[in-house]
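*Asks:*
In the numbering used here, the protein residues as written are -6 to 302.
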């Protein structure tokens, strides 16, 4: 069972002086010094300069993707007409995540702290209550976010598929339909509650909602269910090249349903993308399945959370 971000739609990071979903955070900055920079709203015409600022390819594409999807949630730090840092949160929701990045030459001068404070003001004004960020494991990055009120919640590994796609057609697997909502919602809730217990994460309520049902229906071409004897045994959610969720009903584990869904998901992803990826929370027994299937660890991220007052 996979959960890219076991608490919100997407995750982001703090890149080396940066703070992922689909994600989903990168590396982060450290305070210190002072800098005469100005924080202003991000606008699409700044995309090229932001791209040039970010060195890490992984962080660059993730952050640019967030800015493209949530342009009105972005901020940039300017000094003498030059962009020295950028930050964005992933939607004006009660629960959100953010990414923050400061250019290599401008770190340890207070830019990251200033950006984060302004971003939190923007999130509060958007009625955000709970914020997540993640970044590649690094003690300096952890120190920065923890000093700013973001304690560590868990660690999660990004894995990429390195195996061979040999999936055959499975008549039990089909696209999600609107009438599947209650069964899929219940299955996901039970499966992830079990996973949370296994890795030591707090349990969470997951009430049904019209908004969630509508979102599932809108994304039905990226959701597959495995149905046997008219009962849904498992499901898989795709998000571009990423396997966002993979779950099997707890009472149906050990019957090969997870492997069948995983194979179908990879096959579908490979139609449109060169690679297939997923995130797995450290301690999740499902990691053995992914490894045996041909997934390899690419990077380890720390996930932090803050409750905004």
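Where is the CB? At the ideal position from N, CA and C, for every residue including glycine.
Using the three-state DSSP reduction, which class does residue 164 fall into: helix, strand or coil?
*Replies:* coil
*Asks:* Please classify residue 302: is it buried, with 16 or more other beta-carbons within 10 angstroms of its beta-carbon, or exposed?
*Replies:* exposed
*Asks:* Consider the Cβ of residue 207: report whether some Cβ of chain B lies at a distance smaller than 8 Å.
*Replies:* Considering every chain present, this structure includes no chain B. It has just one protein chain.
*Asks:* Per DSSP, residue 292 is paired with what?
*Replies:* Assignment of beta-bridge partners to residue 292 by DSSP yields 151.
*Asks:* Check whether the Cβ atoms of residue 217 and residue 180 lie closer than 8 Å to each other.
*Replies:* no
*Asks:* Which ranges would you report for the alpha helix (DSSP H) in the segment 181 to 211 if only whole runs of at least 4 residues count?
*Replies:* 203 to 211
*Asks:* On the CB-based measure, 16 or more other CB atoms within 10 Å of its CB, does residue 203 come out buried or exposed?
*Replies:* exposed
*Asks:* Please classify residue 259: does DSSP put it in a helix, a strand, or coil?
*Replies:* helix
*Asks:* Which of helix, strand or coil does DSSP assign to residue 29?
*Replies:* It is coil, neither helix nor strand.
*Asks:* Which residues bound the beta strand (DSSP E) around residue 59?
*Replies:* No beta strand (DSSP E) holds residue 59; the alpha helix (DSSP H) holding it covers 50 to 62.
*Asks:* Under DSSP, the beta strand (DSSP E) around residue 90 begins and ends at which residues?
*Replies:* 88 to 95
*Asks:* Among 259, 177, 254, 79, whose alpha-carbon lies nearest the alpha-carbon of residue 224?
*Replies:* Of the candidates 259, 177, 254, 79, the one whose C-alpha sits nearest the C-alpha of residue 224 is 177.
*Asks:* According to DSSP, which residues form a beta bridge with residue 169?
*Replies:* Note: residue 169 sits in no beta bridge, so no partner.
*Asks:* Between which residues of its own chain and residue 59 is the CB-CB distance below 7 Å, once the five residues before and five after are set aside?
*Replies:* 5, 81, 83, 92
*Asks:* Excluding the 5 residues preceding and the 5 following residue 275 in the sequence, name in chain order all residues of the same chain whose CB lies nearer than 6 Å to its CB.
*Replies:* 148
*Asks:* Rounded to the nearest angstrom, what separates residue 132 and residue 291 at their Cα positions?
*Replies:* 19 Å
*Asks:* Please classify residue 294 as buried or exposed, where buried requires at least 16 other C-beta atoms within 10 Å of its C-beta.
*Replies:* buried
*Asks:* Residue 105 lies in the beta strand (DSSP E); which residues open and close that run?
*Replies:* It is not in any beta strand (DSSP E) - residue 105 instead sits in the alpha helix (DSSP H) that spans 104 to 118.
*Asks:* Return the CA-CA distance between residue 130 and residue 222, expressed in angstroms with no decimal places.
*Replies:* In a straight line, the C-alpha of residue 130 is about 45 Å away from that of residue 222.
*Asks:* State the Cα-Cα distance for the pair residue 90 and residue 118, rounded to the nearest angstrom.
*Replies:* Here the alpha carbon of residue 90 sits roughly 15 Å from the alpha carbon of residue 118.
*Asks:* Got a sec? Which residues, its chain only, sit under 6 Å from residue 288 by beta carbon, not counting five neighbours each side?
*Replies:* 152, 154
*Asks:* With a cut-off of 8 Å on the beta carbons, I'd call residue 146 and residue 298 a contact; round off their distance for me.
*Replies:* 5 Å
*Asks:* Pick from 108, 88, 85: whose alpha carbon is nearest that of residue 94?
*Replies:* 108
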